[in-house]
Structure formats: structure tokens, C-alpha cells
Amino acid sequence: MTQVQPRGRSLVRQAYPWLNDRVADFVRGWRRLDAWANRPLPTRRRAYWKLLAPDRYPWYAPALFLVLTVMLALGPTMETDWPNLILVVIGLVLFLGLNALAGRRQVANNYLLTGQLTCLVAMLALLLWSSLPEVYGEMVAAPRLHVGVAVVLAMTVALAAAFGFAAALFRSTADGGLADALPEVELFLPKDRYSFVGGGAKAAFFSALAIAPVRYPVELLLPGSLLTLFVPDHLLAPTFLFVGGIMWILLFLGILFERLMEILKTLGRMFFIGPQRVISILVIAVAGARLAEIHFITYLFNGGSTGYGNPVLMLYILLSYACAWYYGFWTDQFVARRLTRMLTLKPDWRTAISVAYPYHGDPTLSRVESEGRTISLHGAGRLKLRGHYEDGYAGGGTALQFMTPAELIGQFRRQIELRSRDMIKADDLLASLRNFERAAVIYPVIVGTLAFGLIVGPIVLTFYYAVQPPELTVHAEGGGGRDALAFMKNQDYENGDCSPLKAGMPRIAIAASGGGTRAAIYTASLLRGLAEAGHVCDVVMASGVSGGSAALAYFGLHEAELRSRGGVGFMAWERYSREMAHPYIEDVINRASDLRITFGRFHWRRFTCGEPAVPDGSVSGVAPARSKLGHILAESFVCRMGAGKMGDVSFGLMLNSSIVGSYPDPGNPCRRGDGYSLPEQASRCQGLLDGAGAGGRLVLTNIGSTQTMQANTSPGMEIVTIDEPDVSVSRAAALSANFPPVFPDAAVDIMPSSGTAKRYWVTDGGTVENRGTVTMYRALRDAARREPKSCGCGSSPKFAPLHVIVADVSALAGPYSESFGFDSVLGAGGQLGLGMEAELRADLKTLYETTHCSKIYFHDIVIPPVFSSNGGIGTHWLLPGSMTFRDPNHSGEQVTLHAEDVEKLVLSLHSSRAFSYQDNGGVKRVLGWAQDGPGNRHRANWVRLLDMLNGKLPPQL
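Just so we're aligned: 883 in full-length UniProt numbering is position 883 of the sequence shown, and the numbers increase by one with no gaps anywhere.
Take a look at the structure:
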């Protein structure tokens, strides 16, 4: 009686052999492609081809060397100034000369890596000799030092050490035993090893499907992650899921059909082993942050001066892989070449690229004929086994198999163990093979750790222990700031390039909140609205945080063209808003590869773009000076906003930063710092650094400080006021905008004419209080207290009417969700700041109205929630190419607008001018949400402010 198998199982067993045959044909084709693409180049080629790529090496060995040569000359950002182009020409001459020499001299060919590293070191020496201290914006006739210099130096040392490790680990103790035993060892894998599907076909199917993401998570995620760095926002999730699904299927098939996994492993050697794997994991982490809509990451890949995308970041990733590929290729070659020599019966000083492999063992172990076999050096860290299939199998064609040295040694050992009694010197040979197997496991770990240690180690050490140059040096001469009381008094007041303010005319004080580009554009919009209404010259005082500080700094530096009662200069205001929308974070990224930022230098430039020339800073000790990313932001601000000083600004200006630490402790001097500069003292005396003032305020201003604005000596909030007229406005704004965690703490050195110098470390002003009001209210309160009390209110007011405008772009709090208390921790500072602000407002109201019979008005002009919450405009120093806005009424409707439309839309909030848009319908919907959103009082508050300034409404608080 015939037993009937279940239909499902029968179909699987019938399908598997057919699929296996198709996979076999596909993989054989892949092997032929692999054999051609990764082969060492033959000797019989024309001379001009040898000039581009020497014999006996894969084509990408000289190609990667050429990439490193160009990177060393142009830098990771591919700068094409003429000094860099000269270096490129020198590099190309060295490249072609080395290849020509390798084509004529066997010694040069055999030691090609030594020649390549010599060329790179020669270029490195030329670069070191000709370079000047790096600084953003300065056009100098010299190339800049960049991280490629350190990478090439570290790679040279690492490759030399890796060569020594390979020689020590892969040294045979069997006196030629591998070559003698080779004819008896079957290295081609056994026949029919792919043909068995096993029992439980369905279980195998589903287990393979489940195992794929667990066993190969990096392989599964990387292709989609790489694509998410290139595609627009609205295609992120579909692209990632689609590519991830394809990879899941491929990995699933690779688990079912072992032949396919051979392809994935070959390609995977580019991304999933050694240093490349670490780079791939970092790429996946960045892609995950972008998929999670963390706008600090998303904005970097979706905006900027070049339109969509960030080519510099993509170039950084590509060059990182190129360096890892170059290093990985040669470290693999060290082992493969040593193994090839050990398989050669009579090796000489030249490494043979191909070894004869006549097989004399059991012919039934594989379907490859015994004669005509060879073992050759191959690319991707492997050896190529070549032979011919038996007649009747696979058409009797060429048999190809690729094995890493570790795989070949393992197969060799297993064969020897099976036949050890018949082998000569089997014990010595087995001992060598087992040592080689252990070495094959240890060697990649050693060379990988070596590379990371030589590159990452100095980066980490210099981050914590290098000298930190100051981002701002203040030569304190005892103040000289403006008197806030003069802004407030009810008398004629000379107001810069504006017409004098007459007694009784209203005065305006502006507090501009933090919020990166969002705050900068919004503050510029509000000031433009005041200009169109004819009240920009009424501004007598301004206090800013972060993005608000940047907008106020530009306003102060360009007030001659922005403040005029003769009319509004639209071109000047267009430049203003355009500069506020500039992608400053791109400037930082473009120069983040400077050697001064990544590793450090012994000299640094202290001026740029029109600033007064001063001698370069330097260190006298052995520790280098490593600049922070904030230096680039400060230099970018100077170059784009101007090099003006605090004393040049006609109105009162306060730019607020947050203190995180200081040096020295006056009561405990550091003897290790004797004779060194203040930056070096702070580095050498780290045990005396003081963090007690963290959370305090450092205010850079042109307003003379008073008692409560001085550094506190009693317990309480520390407020340090620096009112020196020579302080750079742009650098002060950059300190206020030094937002964490992107920018490390910035150093400010106070160098008094007499007394002890002091260093403060500061961060973004918004970390303490984001509205920029507290220090301004304190200054106003202190000035009002200095004025004697009025004797009754029958006479004219002592102070002119003051309108305090708070331009606030802070995001609204979202709905409650479980946070394990972190929401309270993060929100406590803001709540305490609002409480302090309310008390100061009450004090000012009492002083103005009761003590001095005057009027003070407070106007909160808060950005509509549609721009700041649930999408909208982020707080990065970058305006992305497109932004998505969602209906605050929770209708689910959303609109995506181009960056240019968003910039104009924010300007239109306070302007009567008609703007032209690319998407009129989308802009109209977003503008409707801005005006009619729940709880939104922006438009009403703005109109009320203008009416009060124009005298159309009774003066009511």
C-alpha cells in the first residue's frame, strides 16, 4: 500500500531541489563575477594601465590610495582653493610615480604598501610645513590642517604594527609542513552539502524567518539606514521599511540556502567586519534618530544652503568607510600573503600570488578534479581556490571557491585531524594549525583595537585633558557701560542714528527668547514689524537668549541701516531675515574636521573677518590646545554678522549665557599652574575647577552693572555681568547660543588690568531661563531704585512710558505621560524662572507706578503654537528644506511648506507687506491656524501693542 505524504510537505520537498538548482546557477555566476572583480591585476597589460594600477593587486588597492591622497590634499570637505589644488597635483605625481616604479621594479611592487605610506607621509609633512592655524572665514594662502592628517598618521603606525603582529602570530613551526601536506588535503568543500532540506520543512521555514533579524541585525538595518540619510522626510519610513523587508527576505533565503549567504558575506565584508562594522552601527544610530523625528538630526539631512540633504555629512561617512576599507584590505593582505608563502614549497622573498595545488587524496570528497588546482591571493581578505568540475557536474566548468585565511586554516586542520596517522610531522603541523586558528580569531581584534586606539584614544584624551582656548577673552578695565537710568528717564534722549527721543515719548525694551533659528527669525520679524509701524527707534534696551541673542546682535551691529525714522529699508531687512535663516550649523559641520577641533594644535588663531589682529595663542607645555565646536559658531557669527563691539551699540544690549563652572578658586592657588597662561592653568589644575556656580548667569552687556547685577558673594543665584565696551557682540551672541549637547561648554577668560584672572565655562543661556527677561528686569529695577522717590504724583512722571515686549518662541507643554519624574526635573527651571519673572514684574510695576508715578506695560508676543509645537519650526541652527505643520485643533490635517515660504510666513506675522509664496494654499491654511488656534492670543496682543504705541487705546495694563 502506497503511503501518501501530506500535500504541503510534498510541495516543499519538491520545490526545494528546484530552488536549490536555481540558487546554485546564480551563485556560480556570482563567483565568476567575484573572481573577475577581485582578482589581482595581471602582468600583461599596457603601460598606461600599469601607471594607474600596478600588477598583482586588485584594482581598488590603488583606487583607495588615490582617495586617501585626494582627501589629504583637499580635506574631508573637498576644498578647492589653489593651495589644496597644488597638493592634489603633488599627490597625483607621487601616485603615478609609485605605480610606474612598481611596474618596473619587483621590489617596489612587492612592498607597494610601504611606498604608498611613504607618499602619504611626505604629503602629510608638506601639509604640516605649509599650514597656518585654522580659523573660519579667513582666506589664507595655505592649506588647513584637518582630521585626515591624524587619520593618515594613525593608519601608518597601525599598519606597521599590524604587519608585525601578522609576522609574529602566523609563523609556522612545522618546517614547511603546510606545503608538504597540501596535496593530501581537500580544501574544496564536500559534494552535495547543499542538497539536504532535513525534516520539518515548515519549522525550518519559520525558524529561518525568525532567526534572520536576531542573528543579523546590523546586516538587516544598514541598507535602509544608509538610504534614510538621502531621502526626503516623507519617504523616510516607507523607504526604510521597504528596504528592510527586502533585506529580511534575502537573509531568510541565505539561511535556507547556504550558497546565497556566501554572497551576503562577501558584500558584508565592506560593512560588517572590523572598523567598518562600528561605522555601520553609528550610521544605524543616526538613521534611528532621524526616523524618531529628533529634529537635531533630521534637520541636518533635510535642509541648508545646498537645498535638500547634507553632502558634507555624507562625505564624512564615505571617507570613513574608505579609510576603513584601505586599512582592512592591507591587514587582511598581511595574513593572506603569509599563508600563501607557507603553502609554497620553495618560497623566496617575493610573495607568489598563485600556488599550485595538485590534490593526491581521496577523489570522492568533492566533485572537483584533482589536477589543475590553484590557490591564489584574492580581494576582500580571501584566498581563491580554482579547479575544474568533473564531467557531468555543472557542465564541467570552472570550480571556484573563496575562503578567508581563517576558513582555509580551519578546513586544513579538520582534514589533517582525520588523516593525522598517515601524515608526516602531523603533530607539529597540527600544533601550528591550531595556533593559526587561534591567531585568526585574535588578529582581527588586535588590528581593530589598534586602529581605534590610535584614532579614538587621542580624541578622548584631548577632549578632557587638552588645553581649551577661550572663545572670548575680555580685557577688563573697570566697566564703562551705559546707564540704564538714562534710557528710562522722561527726558530727551539721543538714540544712535535715530532722531532723538523726546520727553513723554514711549520707550521699548525687548526680551528675545531662545530657540535657535526659530527664535532668530521670529525676533527679526517682530523688529521688522516695529520698523514698519515707525517704532523701531523707540527701542532703548534689549535682552536676548540663544537665537534671540543672535537676532539682537545683528540688529545692534547693523542698526545704522535698520533703525531710521526716514522709512523702512526693505533690502536691509531682507538681508537681516536671510542671515537669521542661515544654516549656521552647516558652517560648524563643514569645519568640524579641522585638526584643532578633532585632536588639537599647539597654536590657535584669535581673530577673523575684520576683527583686530592679535598674536596667535600658543601653549608652552606638552599638551595641545583643542578648540571646541563653539569656536566655529563664534567665528561664523563674526564673519556673517560683523566684528563690531559692545561699545558701538547705541541701545542697551544684554546677551545672556549660563554658567557651568569657573577657575580659579582664589583661596586655593594651584602651584602646578605657576608660570603658565590661564588656559593652561585651567588644564593643569583640574582639581581646583569650581562647579558651584552652575546654573548662574553670565551677562555680556553694554549696560553698567549695579549691585544686584554683580557676582554674588553670598549664597544665591550667581550673576556675573561683564560690561566692557571692547567685547565682540557676535562672539557674545555665540556664547549665548552655545546650545547643549551639540556644543561643549565654552570658555570665557576675564583678564583684569589688576587682580586675578578668571575663567568661566558657559553654555546656552536658555538652560537657565529661556525668555531673557530676568536679567533685564533686574537691570531696570536696580536703575529705578537709584532714582529718588517722587514727592507725590502731581508733577510730570520721572520715567517715560516703558513697553516691555517679550518675543517668546518657547514650545507649549504637551499632554501628560508617564516620565518617571523626568518631566518635572526638566521643567522645574522654567517654572522657577517664570516665578522669579512674575516677582520682578511686580517690583517694577510698584516702582514705576507707586514710587515714580510712571507707566510700564508688559506685552507677551508669543509665537502661535502651530509654529513651535507638534512639528513646526525646530530650534536647530538650521532651517530645513521643508517643514510640516499640523492643525492645533487636532483635526489631523497637516501642511508641508518649503523653507522659503516658512521664512516669509513668520515675517508676515508682524508685517503689513504682501509676500509671494510658492504654495499659496498651504500658507493660507497655516496662517489660519496661526490666527485661530486654541488659546492663541498672538494677533490680538500684537495689534493691541501697536495701538498702544500709536495712542489709539487707553494705557491699560
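Note that CB positions come from ideal geometry on N, CA and C, so glycine has one too.
query: Through-space distance from L698 to Y663, alpha-carbon basis; result: 14 Å
query: V748 - partner residues in DSSP beta bridges; result: L472 and Y760
query: Buried or exposed by the 16-neighbour rule on C-beta atoms within 10 Å, applied to M709; result: Any answer about M709 is weak, because its pLDDT of 47 lies below 50 and its placement is not dependable; what the coordinates show is given next. Flag for M709 reads buried.
query: Coarse secondary structure for G617, derived from DSSP in three states; result: strand
query: C-beta atoms of G569 and E561 nearer than 8 Å; result: yes
query: Contact under 8 Å by Cβ, A122 with S130; result: no
query: W325 vs P469 beta-carbon contact at 8 Å; result: no
query: N-terminal and C-terminal residue of the alpha helix (DSSP H) that I284 is part of; result: G274 to L291
query: Nearest to G115 (by Cα), restricted to the options F65, L87 and V89; result: F65
query: Beta-carbon proximity check, T773 vs E839, cutoff 8 Å; result: no
query: Contact set for A352: own chain, Cβ-Cβ below 8 Å, skip 5 residues either direction; result: T340, R341 and T344
query: Residues near E680 in its chain [Cβ-Cβ closer than 8 Å; skip 5 each side]; result: V467, V619, S620, G621, A623 and G673
query: Closest by C-alpha distance to G516, when choosing among K924, P363 and V742; result: V742
query: Any 3 or more C-beta pairs closer than 8 Å across the region 847 to 863 and the region 277 to 285; result: no
query: CA-to-CA distance, L844 to R781, given in whole angstroms; result: 6 Å
query: Through-space distance from K758 to K265, alpha-carbon basis; result: 58 Å
query: Contact under 8 Å by Cβ, L802 with A509; result: yes
query: Beta-carbon gap between L318 and N310 smaller than 8 Å; result: no
query: Cβ contact check for the region 764 to 773 and the region 805 to 814: 3 or more pairs under 8 Å; result: yes
query: Span separating the alpha-carbon of D749 from that of I719; result: 16 Å
query: Cβ of E586 within 8 Å of any chain C Cβ; result: The structure shown has no chain C; it contains just one protein chain.
query: Rounded straight-line distance, which links the Cα of P888 to that of W929; result: 7 Å
query: Distance, W573 Cα to A486 Cα; result: 28 Å
query: 8 Å Cβ cutoff met for L897 and S916; result: no
query: A179 beta carbon less than 8 Å from that of I416; result: no
query: Any alpha helix (DSSP H) of 4 or more consecutive residues that is wholly inside the region 516 to 556; result: 516 to 532
query: 8 Å contact criterion, which C670 and R563 should meet: CB distance rounded; result: Not a contact, Cβ separation roughly 48 Å.
query: Secondary structure of F858, DSSP reduced to three states; result: strand
query: Inter-stretch contact at 8 Å, needing at least 3 Cβ pairs: the region 868 to 875 / the region 517 to 531; result: yes
query: contact_flag[the region 535 to 543, the region 820 to 834] where n(CB pairs < 8 Å) is 3 or more; result: no
query: DSSP three-state assignment for D919, whether helix, strand or coil; result: coil
query: Closest by C-alpha distance to T846, when choosing among L267, K789 and Y316; result: K789
query: Inter-residue CB distance, A484 and G642 (contact presumed, cutoff 8 Å); result: With a Cβ gap of about 24 Å, A484 and G642 do not count as contacting.
query: Which of helix, strand or coil DSSP assigns to G652; result: strand
query: Neighbour-count burial assignment, Y816, 16 or more Cβ in a 10 Å radius; result: exposed
query: Contacting residues, own chain, Cβ-Cβ under 7 Å from N590 (five flanking each side not counted); result: T77 and V312
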